[in-house]
Amino acid sequence: MRLRELRRLYQIGAVLLRHGLDDLLPRAWQPWPVRACRHSLFWLRNRHRDASHGRRLRLACEALGPVFIKFGQMLSTRRDLLPPALADELALLQDRVPPFPGALARQQIEQSLRQPIETLFDAFDETPLASASVAQVHTARLKSSGEEIVLKVIRPDIRPVIEADLQLLEALARLVAWLVPHNRLRPVEVVNEYRKTLLDELNLMSEAANAMQLRRNFEGSPMLYVPRVYTDLCREQVLVMERIYGIPVSDRAALEANGTNFKLLAERGVEVFFTQVFRDSFFHADMHPGNVFVAYEHPEDPLWIGIDCGIVGTLNRDDKRYLADNFLAFFNRDYRRVAELHVQSGWVPPDTKVEEFESALRTVLEPIFAKPLAEISFGQVLLNLFNTARRFNMQVQPQLVLLQKTLLYVEGLGRQLYPQLDLWQTAKPYLERWLRQQVGPQAAWQGLKANAPFWLEKLPQLPDLIYDALQQSQRQQHQFEQLARRWQQQQRQQGQARYLLLIGATLLLGSLGCWQLGLPALATSAGGLALLCWWRGWRRLTTHSRG
1 MRLRELRRLY
11 QIGAVLLRHG
21 LDDLLPRAWQ
31 PWPVRACRHS
41 LFWLRNRHRD
51 ASHGRRLRLA
61 CEALGPVFIK
71 FGQMLSTRRD
81 LLPPALADEL
91 ALLQDRVPPF
101 PGALARQQIE
111 QSLRQPIETL
121 FDAFDETPLA
131 SASVAQVHTA
141 RLKSSGEEIV
151 LKVIRPDIRP
161 VIEADLQLLE
171 ALARLVAWLV
181 PHNRLRPVEV
191 VNEYRKTLLD
201 ELNLMSEAAN
211 AMQLRRNFEG
221 SPMLYVPRVY
231 TDLCREQVLV
241 MERIYGIPVS
251 DRAALEANGT
261 NFKLLAERGV
271 EVFFTQVFRD
281 SFFHADMHPG
291 NVFVAYEHPE
301 DPLWIGIDCG
311 IVGTLNRDDK
321 RYLADNFLAF
331 FNRDYRRVAE
341 LHVQSGWVPP
351 DTKVEEFESA
361 LRTVLEPIFA
371 KPLAEISFGQ
381 VLLNLFNTAR
391 RFNMQVQPQL
401 VLLQKTLLYV
411 EGLGRQLYPQ
421 LDLWQTAKPY
431 LERWLRQQVG
441 PQAAWQGLKA
451 NAPFWLEKLP
461 QLPDLIYDAL
471 QQSQRQQHQF
481 EQLARRWQQQ
491 QRQQGQARYL
501 LLIGATLLLG
511 SLGCWQLGLP
521 ALATSAGGLA
531 LLCWWRGWRR
541 LTTHSRG
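Under full-length UniProt numbering, think of the first position of the sequence shown as 1, with each following residue one higher.
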């Protein structure tokens, strides 16, 4: 381990001790040499004794810098692994990172685009518009058209820092996994998932592709606007996109002053979410208030604006059908149906007792429905579902973790904007309509229309395909008959071999008896015949094995 890595390891250890995070470790994990060493480091005593464990962990992540801040943010979404109090505290983490100098941003942009900024942009502002842990944003104008744009720039030399911290995190995860082999937190898996997410954020071409897809899905929509991406100016470390002007969704006072229709805005937020999930199977998975704005124009018919598409989620057809069926079954309190859906989808083992699973679901979820529908948290229902299913060895899928996080964001925003929002009333018609489109005559007709061009293209080839299929079937039938005859022949040979071996054993016993009776000639003959039978039987067996 190099000196730089040792220094960083000491810094991490010092921060953990100053925040008292060693108290989180069970005493069984702390042999006396470790405890003695900890007490000898008197200058690294816990300075946050009165804070909760969750607050200590959040403050430690903030002190350790960008990589650990993002790690804490990611952990806050894994409510399937963390206690609620800990996850709630980590959810408060923000990218409180000072900006890097604008001159370095200019240099990074020019290196990526391989030409001076003045060649492509006017009015480049070296003072950043916003700064986060891995990138910051600057404003400018396109020289060719005068359009206002923003440039998102990856922090210089951030990758080596991230790689070094990730290596240390992986080493710590392996240590924890070794100390506690059956740890429910699954530290190695969590760190590997975090590595992939963080390294993906370092490639702004991936974010550009996500933004383009989301924009195309909502082209001309009155519900959501995604800024245009200038793909010819995007690189791995630079993203150029249209500058938008909107009201931060968290600024309720500004929204009120603009005359926003809060009820419609909240309902459209829910509809945008379900449209992304069930219509497009492609959803923005980082819809926290910092990434969501509301357009100034036509506040009576409000338009959402979404930015920062670095993290997206996708669902396959089976996942969508499972979720829609489950939500509707929950709404109707059909816990038996929910339990059966889990078994049918393969998300819980097939030997799961449906009756026990149904009873567990009813115990956990029925108290939720004792409240008025408008007060029921959609996200909490989904969270309770996953928590209950894990008791029956359900493996939570990564795409569902993203979905759960996004649903909690959307629900929180909706209730913040319009506390009377009834998510069930808003979502149920959409889910029922979507299910009708997937099942029944309408779905069959849509499937027929979608596949008709392919079938028409293949229609002239149909006679040849039928002929080839018949020929192949005849060849397979012939091969099957040959195999059947060979198997029967081998069975006969095996039976004959057993018979010869049995006769050989009988003759050998007779030969021994003849020796005892003083008949050497007869004994010799019987012994010779026994050897001959064994040799013939062995030949038949070896022939059978080779066959």
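All residues carry an ideal CB built from backbone N, CA and C; glycine is no exception.
Using a Cβ-Cβ cut-off of 6 Å (strictly less than) and excluding sequence neighbours within five positions of residue i, which residues of its own chain qualify?
i	result
Asn217	Asp280
Arg536	Leu500
Gly54	Ala85, Leu86, Glu89
Gly510	Ala526
Gly310	Glu201, Glu207
residue 566	Here the chain has residues from 1 to 547 only, and residue 566 is not among them.
Tell me whether residue i sits in a helix, a strand or coil according to DSSP, three-state version.
i	result
Asp125	coil
Gln136	strand
Lys353	coil
Gly102	helix
Leu421	coil
Thr148	The question names Thr, but residue 148 is Glu in the sequence shown. Three-state result, Glu148: strand.
Ala85	helix
Ser52	coil
Trp32	Per-residue confidence for Trp32 stands at a pLDDT of 47, beneath the threshold of 50, marking its modelled position as unreliable; the derived number appears in the next sentence. Trp32: helix per DSSP, three-state reduction.
Ala130	strand
residue 552	The first residue shown for the chain is 1 and the last is 547, placing residue 552 beyond what the model contains.
Arg141	strand
Val348	coil
Val153	strand
Asn326	helix
Gln108	helix
Phe480	helix
Phe392	coil
Would you kindly work out how many angstroms separate the C-alpha atoms of residue i and residue j, rounded to a whole number?
i	j	result
Pro268	Leu224	The sequence shown places Arg at residue 268, not Pro. Spanning the two alpha carbons is a distance of roughly 9 Å.
residue 579	Gln416	Because the chain here runs from 1 to 547, residue 579 falls outside it and cannot be looked at.
Glu110	Ala427	47 Å
Leu9	Arg18	14 Å
Gly290	Leu86	22 Å
Thr119	Lys143	7 Å
Pro248	Phe293	5 Å
Ala123	Glu242	15 Å
Ala103	Asn258	37 Å
Leu151	Gln136	8 Å
Thr524	Trp534	15 Å
Asn192	His298	45 Å
Glu436	Ala484	Here residue 436 turns out to be Arg, not Glu, going by the sequence shown. Their Cα atoms are separated by approximately 50 Å.
Leu264	Val272	12 Å
Arg215	Val229	9 Å
Arg114	Ala105	14 Å
Trp304	Lys196	29 Å
Gly13	Pro101	30 Å
Asp318	Val176	35 Å
Thr363	Thr388	10 Å
Pro33	Leu21	Interpretation of Pro33 is limited by its pLDDT of 49, a score under 50 that renders its predicted location unreliable; no figure is taken from the coordinates.
Arg475	Arg486	16 Å
Pro419	Pro187	38 Å
Val15	Leu341	46 Å
Ile154	Ser112	11 Å
Among residues of its own chain, excluding the 5 on either side of residue i, which ones have a beta-carbon nearer than 8 Å to its beta-carbon?
i	result
Leu93	Arg58, Cys61, Glu62, Ile69, Gly72, Gln73, Ser76
Pro31	Below a pLDDT of 50, predicted positions are generally treated as unreliable, and Pro31, at 49, falls in that range; no measurement from the model is reported.
Cys514	Pro520, Leu522, Ala523, Ala526
Arg141	Phe121, Asp122, Ala123, Glu147, Glu148, Ile149
Determine, using beta carbons only, whether residue i and residue j come nearer to each other than 7 Å.
i	j	result
Asn210	Val134	no
Tyr409	His284	no
Met205	Glu163	no
residue 552	Phe278	What the structure shows of the chain is the stretch from 1 to 547, and residue 552 is not part of that stretch, so it cannot be assessed.
Gln108	Pro160	no
Ala253	Gly414	no
Gly260	Pro302	In the sequence as displayed, the identity of residue 260 is Thr instead of Gly. Yes, they are a contact pair.
Phe327	Ala339	no
Tyr335	Leu361	yes
Ala324	Leu431	yes
Taking 7 Å as the limit between beta carbons, can you name the residues of its chain near residue i, skipping five residues before and five after?
i	result
Val97	Pro66, Ser131, Ala132, Ser133
Pro349	Asn393
Pro116	Glu110
Leu508	Gly527, Ala530
Val240	Ile149, Leu151, Tyr230, Leu233, Cys234
Against chain D, does residue i count as a neighbour if the rule is that its beta carbon must be under 7 Å from one of theirs?
i	result
Ala452	The structure shown has no chain D; it contains just one protein chain.
- Which runs of the alpha helix (DSSP H), 4 residues or longer, sit entirely within the stretch 182-264? Qualifying alpha helix (DSSP H) stretches, in chain order: 187-201, 204-217, 252-257.
- Runs of alpha helix (DSSP H) wholly within the stretch 482-533 (minimum 4 residues, chain order): Taking 4 residues as the shortest admissible run, the stretch 482-533 contains no complete alpha helix (DSSP H) segment at all.
- What are the uninterrupted segments assigned as beta strand (DSSP E) that are 3 or more residues long and contained completely in the stretch 265-324, given in chain order? 282-284, 292-295, 304-306, 312-314
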